[in-house]
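A quick write-up on the structure given underneath.
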Amino acid sequence: MTDFYAPTRFAARAGVPTTLVLHGRDSGGCARAFTIPELGVQEIVKRDGDTEIDLGTRKPGTLRFSCAMGMQTGDIEFTKDPR
-1 MTDFYAPTRF
9 AARAGVPTTL
19 VLHGRDSGGC
29 ARAFTIPELG
39 VQEIVKRDGD
49 TEIDLGTRKP
59 GTLRFSCAMG
69 MQTGDIEFTK
79 DPR
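For the sequence shown, the working numbering begins at -1 and goes up steadily by one.
Okay, structure coming up:
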């Protein structure tokens, strides 16, 4: 059973509509309860399959995510030119 996020840091392009796709692979534990507090996102990740989250069009900056318990964390860095 997978109960962590990978990768935990990645980049995306600012200024364009963005959809985050979470690939659940035998996922379990608190990692299934994916949250983005800044956006009010609270999603239960599919145990096996994809869960899509519309992030809208973001300005440059960092968007943090975590499990509902705050134990698994990560961030998305929105830049003009993703690394």
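Backbone N, C-alpha and C fix where the C-beta goes; we use that ideal spot for every residue, glycine too.
Note that this is a predicted model, so its numbers are computed, not measured.
> If T55 and P15 are in contact, beta carbons under 8 Å, what's the gap, nearest whole angstrom?
Replying inline: By 1-based counting over the sequence shown, the position of residue 55 is 57. By 1-based counting over the sequence shown, the position of residue 15 is 17. About 5 Å separates the two Cβ atoms, so the contact holds.
>> Can you list, in chain order, the residues of its chain with a C-beta nearer than 8 Å to that of K78? Leave out the 5 residues immediately preceding and following it.
In response: Mapped onto the sequence shown, residue 78 falls at position 80. Here the set comprises R11, A12, G13 and P58.
> Leaving out the 5 sequence neighbours to the left and right, which residues in its chain are closer than 6 Å to L113 when beta-carbon positions are compared?
Replying inline: Residue 113 falls outside the range modelled here, since the chain spans only -1 to 81, and no answer is possible.
> Which one of E36, P35, I34 and R30 has the shortest CA to CA distance from R45?
Replying inline: If you number the sequence shown from 1, residue 45 lands on position 47. In this structure, R30 is the residue among E36, P35, I34 and R30 with its C-alpha nearest to the C-alpha of R45.
> In this structure, does DSSP put A66 in helix, strand or coil?
Replying inline: Start at 1 with the first residue of the sequence shown, and residue 66 comes out as number 68. Reduced to three states, the DSSP call for A66 is coil.
>> Quick check on the burial criterion: 16 or more other C-beta atoms within 10 angstroms. Buried or exposed for Q70?
In response: By 1-based counting over the sequence shown, the position of residue 70 is 72. Label assigned to Q70: buried.
>> Quick check on I42: buried or exposed, where buried means 16 or more other Cβ atoms within 10 Å of its Cβ?
In response: Here the question's residue 42 lines up with position 44 in the sequence shown. Flag for I42 reads exposed.
>> Using the three-state DSSP reduction, which class does P15 fall into: helix, strand or coil?
In response: In the sequence shown, the residue the question calls residue 15 occupies position 17. Reduced to three states, the DSSP call for P15 is strand.
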